[in-house]
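Here the structure comes first, spelled out in structure tokens, and everything after it is commentary.
There are 2 protein chains.
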Amino acid sequence: MLASVLVARALDRDLQRQAGLTLAEHHLLAIINEAAAEGIRPTDLQLLSTLTKSGLTRAVDRLEALGLIASHVCPTDGRGQLLVLSAKGRQKLRRTAPDFFRSVARNFADHLTERETETLTNALGRVAAADHA
Amino acid sequence: MLASVLVARALDRDLQRQAGLTLAEHHLLAIINEAAAEGIRPTDLQLLSTLTKSGLTRAVDRLEALGLIASHVCPTDGRGQLLVLSAKGRQKLRRTAPDFFRSVARNFADHLTERETETLTNALGRVAAADHA
DNA sequence: CGGCTTTAGTTGCTGATACAATCAACTGGT
DNA sequence: ACCAGTTGATTGTATCAGCAACTAAAGCCG
Chain A
2 MLASVLVARA LDRDLQRQAG LTLAEHHLLA IINEAAAEGI RPTDLQLLST
52 LTKSGLTRAV DRLEALGLIA SHVCPTDGRG QLLVLSAKGR QKLRRTAPDF
102 FRSVARNFAD HLTERETETL TNALGRVAAA DHA
Chain B
2 MLASVLVARA LDRDLQRQAG LTLAEHHLLA IINEAAAEGI RPTDLQLLST
52 LTKSGLTRAV DRLEALGLIA SHVCPTDGRG QLLVLSAKGR QKLRRTAPDF
102 FRSVARNFAD HLTERETETL TNALGRVAAA DHA
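These protein sequence lines map, in sequence, to chains A and B. For the first sequence, my numbering assigns the number 2 to the initial residue and increments by one for each residue that follows. For the second sequence, my numbering assigns the number 2 to the initial residue and increments by one for each residue that follows.
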């Protein structure tokens with residue numbers, strides 16, 4: 002827990018300095034970027050993010066206000082939205098990437114061996130996928 | 002990050018239900034409990050916790066208001082305090098422990114092999130000890 | 001001693017999050 | 001075609017955390 006908080010704070014600090022984005026916001030952009038071309042539904046986004054439903058709503062609002070993402074009403078479900086990166090959002094992400102990767106390396110990845118990285122990925126992936134009800 | 006957030010939320014939820022304590026508050030009690038008998042300084046406590054200075058001040062205030070910890074002026078440094086568990090705090094911690102350990106097992110430890118646990122402890126310990134400036 | 005710097009801890013303020021309640025749209029059985 | 005129940009998402013409210021500025025006690029050094 003301590004490691005995760007310290008790393009998260011360091012990444013957050015660096016991102017805010019270098020890109021004016023929160024770690025959570027940047028993470029959302031990254032997830033949306035890797036989603037299908039037609040966009041991603043907030044519910045699916047939530048499963049991959051560290052936010053709850055309401056937190057996600059607010060974060061999406063902010064990103065939309067910044068013009069980094071766009072939302073359309075889902076054609077097959079009038080309740081839902083489809084979120085996509087705007088051109089500005091894609092650009093932001095691309096420009097931010099180098100600094101961000103350096104930050105991840107410096108604050109986290111460089112401290113681990115390859116074997117450890119693999120073990121962590123597996124083990125924590127399983128933990129994250131578990132049911133925490 | 003996702004794993005840590007999900008686990009933290011699950012532990013927090015269980016603790017609040019079962020003991021009326023936040024995960025952060027419970028963590029502070031646990032750290033103080035393992036500290037030297039004469040008490041622990043807020044600064045030292047902060048290094049082991051996930052809180053910042055100001056967050057720690059507030060959390061300590063809450064725990065003191067609940068009567069779970071007591072603070073004395075440090076005899077060798079008039080600026081500082083020495084924090085100790087009260088009898089009530091020790092009791093709280095003892096009574097909370099079984100449920101808490103179960104929660105940790107269910108939400109985290111049970112998903113890992115012994116080798117993985119060992120690797121995580123080492124690797125993340127190193128990450129936490131690193132300088133995140 | 002006496003002032004300058006550093007360290008310990010607190011406080012005002014702001015922003016972000018979560019929970020719970022709510023609104024809106026879809027779905028399935030009759 | 002309708003209504004009950006479910007699911008997707010938003011909003012009201014309260015809390016908590018963090019930053020930055022501040023106070024006060026130590027430490028250092030001439």
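Think of the CB as a built atom: it goes at the ideal place given N, C-alpha and C, for glycine as much as any other residue. Being a predicted model, the structure only gives us computed values, none of them experimental.
- For B:Ala11, the enclosing alpha helix (DSSP H) covers residues 3-20.
- With the rule of 3 Cβ pairs closer than 8 Å, the stretch 105-121 of chain B does not count as touching the stretch 41-60 of chain B.
- For A:His27, the enclosing alpha helix (DSSP H) starts and ends at 24-35.
- Taken atom to atom, the span from the alpha-carbon of A:Ser50 to that of B:Leu3 is near 7 Å.
- DSSP places B:His133 outside both helix and strand once states are collapsed to three, so it counts as coil.
- Counted as a single uninterrupted DSSP element, the alpha helix (DSSP H) harbouring B:Ser104 occupies residues 88-108.
- For A:Ser50, no beta strand (DSSP E) encloses it, and the DSSP letter there is neither H nor E.
- When the Cα atoms are used, B:Ala124 and B:Gln47 turn out to be separated by approximately 21 Å.
- Separation of the CB atoms of B:Lys89 and B:Leu69 is rounded to 6 Å, and the pair is thereby assigned contact status at 8 Å.
- Scanning its chain for C-beta atoms nearer than 8 Å, with the 5 sequence neighbours on each side dropped, one finds around B:His28 the residues Ser50, Thr51, in chain order.
- Here A:Ala98 is exposed, its C-beta having fewer than 16 other C-beta atoms within 10 Å.
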